[in-house]
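To start, the structure itself, in structure tokens.
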Amino acid sequence: MSNHIYKKLELVGSSAESIEAAVQNALARAGKTVRNMRWFEVTETRGHIENGKVDHWQVTVKVGFTLED
-11 MSNHIYKKLE
-1 LVGSSAESIE
9 AAVQNALARA
19 GKTVRNMRWF
29 EVTETRGHIE
39 NGKVDHWQVT
49 VKVGFTLED
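Counting along the sequence shown from 1, when you hit position 41 you're at 29 in this note's numbering, and nothing is skipped either side.
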């Protein structure tokens, strides 16, 4: 197994549907410009309340990607 070096970036995704959808939205958007994404970790979860109910979710994710040679 070769040595892997990763760089991390932090993203905030949002969704009116769910936490999982917020993560997917963040990763999908980052995937348009970031190559070699390998893993993610959710570091924060929060939401917006409207009229006493959850209006949308926000998640902060750190995404690891490998550097190119």
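Note that the Cβ used here is the ideal one computed from N, Cα and C, for glycine as well.
When secondary structure is reduced to three states using DSSP, residue 38 falls in the strand class. Exclusion of the five residues before and after residue -7 leaves 55 as the residues of its chain whose Cβ lies within less than 6 angstroms of its Cβ. When the beta-carbon positions are compared, residue 51 and residue -2 come within less than 9 angstroms of each other. By the Cβ neighbour-count rule, residue 27 is exposed, with fewer than 16 other Cβ atoms within 10 Å of its own. Collapsing the DSSP output to three states places residue 17 in a helix. Contact between residue 47 and residue 11 is confirmed by a C-beta separation of about 6 angstroms, below the 8 angstroms threshold.
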